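What follows is one structure encoded as structure tokens, with my remarks underneath.
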């Protein structure tokens, strides 16, 4: 199978659109898809284009024996999550793919990978419009394009002293699964399955991001860990924050039952998982206290849990307190690819 | 040096813009650059957005000991070439970069790489707006964004029977250098230096692509080899073509002197280099015979040689003839990453 056959067979938009019933309206903004030197996109008038690129490397971001459908899902999910964090509506994406020769010849693997990828693409009406295919160590690079009305994007630099700090969904599940898969931790089978779902098939919070336009003052998606990622918001906004860890520690994902987690893990473990566990792809965002009802409403609209875990303050730095307001000490480092 | 230090030190747009004097007007279309979940772009009203991604893998697209400044140049050049082939004006690009730990710690290498990259970016007023950095086998993925007025893009499917077939610049130089560097061929030093320049520092034909808007009926950039790439135009346009190889065989790049090449190489070698040598990043394009003067004028405007090498025909297939109109036989295959 040559390079062009491979693209034609597994990735061409037309077949994907047919296969997963992307409605024609979803691709109105795509003037030209796969097969030319560039794809052509027509954003709606008055919209800015949001752009993000993520690269996933075998052995670093996923195991060699990962379920290829889950890999396809996750590769796109992490990019959709970046759009969600800007409050941008997905338009389209490109995929650049380096494949070892054995993988390029493995039709079952490619079929499952492209299925996982294109199913999520169809669910978000976000077609594959182009990219590149080459031989090399397995590497996936997706660039996603979205649109957001000018000046309505949820940026990192908008948090203000007095704002509430919120997170969506639950935290720590991906890290929990990673530690279990690495043999560092044994989990009950049901909990492992639920945590593994969070690691391998994260749900990008696109609907919540859109619902938070005009409500949230800032947002970021949680890829490296809560403390590190909130730290980026604070740096960009020139502010500090206090997080109530008695709330945060309840946010470990083990299925939908967060109380189960607090029964299973001691506080230090729970905090490590929730504060520093990466790969959750939830949103952290800020909003003025006057907007609490609006935030709750946005969460309900998007069918996504939202939890208030702290407050933005003028004093720089990130402070952790327990339920009684006492300082919590501990070294909770977020992920750094070159640390 | 951590991931965020590395981005800050070598790739942040602000320092790059200062360093290479990108005029503020060049970045008017960038509403938000490096440092948020997404970058934000504001295309001009009435313009479509052109998007292309290319991935370069060590050992496949470049040697491990390549000059890092040349690598930075080439990584962006091949993407600018895709915009050129659409007649699109560069707006901005993202860079996703997988680096082995030794490379991530090599400040001299990173400085030279980012210099080569950002110098070409500045020359085309095309700022780096975001991306990703991770550990892994060396891999560069650039996604470039450009703009082109709606319906003016130079697509592959517009060639019509009777159109002339043109190429820009000279062909075969990159392949010649590759064979010399692989020890397959010995070249006079001056010729090697000139050919190597073509391999390592290709010139994207952006100005020519812009000048050909409204004149060319189709265009493609030559990355895999003339015959293969023209084949894509013919397939998209449902047409065939005849190429006069007595002209094409003169187009080997050895400095600016194409006549020298025909004195040095036999016809079969010259044809292999020009018809099937990849990595030239010239444009092949078609235009009606009535537009010959306009094409010549566009070439002059863009200070780029343009040469008429054949004609589009209704009969499918790609035919090669010599100067006397006799059929030329030979197996000139273009590059396929999985062949």
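Chains as they are written, first to last, in our numbering: chain A, 312 to 650; chain B, 312 to 650.
Just so you know, even glycine gets a beta-carbon here, dropped at the ideal spot from N, CA and C.
On a predicted model such as this, the values are computed, not experimentally measured, just so you know.
Query                                                                                                                  : Result
4 or more residues per run - each alpha helix (DSSP H) lying fully within the stretch 476-507 of chain A               : 484-492
Closer than 8 Å at the beta carbon, the chain A residues around residue 422 of chain B                                 : In chain order: nothing, as chain A lies at least about 16 Å away.
Sub-7 Å separation of residue 395 of chain A and residue 515 of chain A beta-carbons                                   : yes
Beta strand (DSSP E) segments (min. 3 residues) lying fully within the stretch 370-441 of chain A                      : 400-410
Residue-level contact to chain B via CB, residue 413 of chain A, 7 Å cutoff                                            : no
First and last residue of the uninterrupted beta strand (DSSP E) at residue 628 of chain B                             : 628-632
Within 7 Å, strictly: CB atoms of residue 407 of chain B and residue 452 of chain A                                    : yes
Rounded straight-line distance, which links the Cα of residue 625 of chain A to that of residue 549 of chain A         : 8 Å
Per-residue contacts from residue 526 of chain A into chain B (C-beta, under 7 Å)                                      : Within chain B, no residue comes near residue 526 of chain A; the closest Cβ sits about 17 Å away, beyond 7 Å.
7 Å CB neighbourhood of residue 583 of chain B in its chain, flanking five on each side removed                        : 643
For residue 513 of chain B, the three-state DSSP class (helix, strand or coil)                                         : coil
One or two residues paired with residue 624 of chain A in a DSSP bridge                                                : A:551
Whether residue 478 of chain B touches residue 597 of chain B by CB criterion (7 Å)                                    : no
Cβ shell of residue 384 of chain A (< 6 Å), same chain only, five flanking positions each side left out                : 427, 431, 512
Within chain B, partners of residue 363 of chain A - CB distance below 8 Å                                             : 348, 349, 350, 405, 441
Euclidean distance between Cα positions of residue 354 of chain A and residue 509 of chain A                           : 32 Å
7 Å Cβ cutoff, residue 532 of chain B in contact with chain A                                                          : yes
Under 7 Å between C-beta atoms of residue 580 of chain A and residue 631 of chain A                                    : no
Alpha-carbon to alpha-carbon, residue 323 of chain A and residue 439 of chain A                                        : 8 Å
Residue 332 of chain A in three-state terms, based on DSSP                                                             : A caution first: residue 332 of chain A carries a pLDDT of 39, below 50, which makes its placement in the model too unreliable to give a value.
Exposure of residue 445 of chain B, with buried meaning 16 or more beta-carbon neighbours within 10 Å                  : buried
Chain A contact for residue 463 of chain B (CB, 7 Å cutoff)                                                            : no
Proximal residues of chain B, C-beta to C-beta of residue 467 of chain A below 9 Å                                     : 346, 347, 348
Cβ neighbours of residue 390 of chain A in the same chain (closer than 7 Å, five flanking residues each side left out) : 363, 365, 404, 453, 455
Whole-angstrom distance between residue 595 of chain B and residue 469 of chain B, CA atom to CA atom                  : 13 Å
Residues bridged to residue 595 of chain A (per DSSP)                                                                  : A:478, A:531
Test item: CB-CB of residue 503 of chain B and residue 485 of chain B under 7 Å                                        : no
CA-to-CA distance, residue 368 of chain A to residue 291 of chain A, given in whole angstroms                          : Because chain A spans 312 through 650 in this model, residue 291 of chain A falls outside it and cannot be assessed.
Contact set for residue 337 of chain A: own chain, Cβ-Cβ below 6 Å, skip 5 residues either direction                   : Note that residue 337 of chain A scores a pLDDT of 42, beneath 50, so its modelled location is shaky and nothing firm can be said.
Contacts that residue 445 of chain A makes with chain B (C-beta to C-beta distance below 7 Å)                          : 366, 368, 371, 648
Secondary structure of residue 612 of chain A, DSSP reduced to three states                                            : helix
Beta bridge counterpart(s) of residue 619 of chain B as assigned by DSSP                                               : B:477
Boundaries (first-last residue) of the beta strand (DSSP E) holding residue 585 of chain B                             : Where residue 585 of chain B is concerned, there is no enclosing beta strand (DSSP E), although the alpha helix (DSSP H) it sits in stretches over 578-587.
Residue 449 of chain B versus B:578, B:376, B:534, B:608, residue with shortest Cα-Cα distance                         : B:376
7 Å Cβ shell around residue 382 of chain B - same chain, five flanking residues per side excluded                      : 373, 424, 427
Nearest neighbour of residue 522 of chain B, chosen from B:346, B:397, B:493 [CA to CA]                                : B:397
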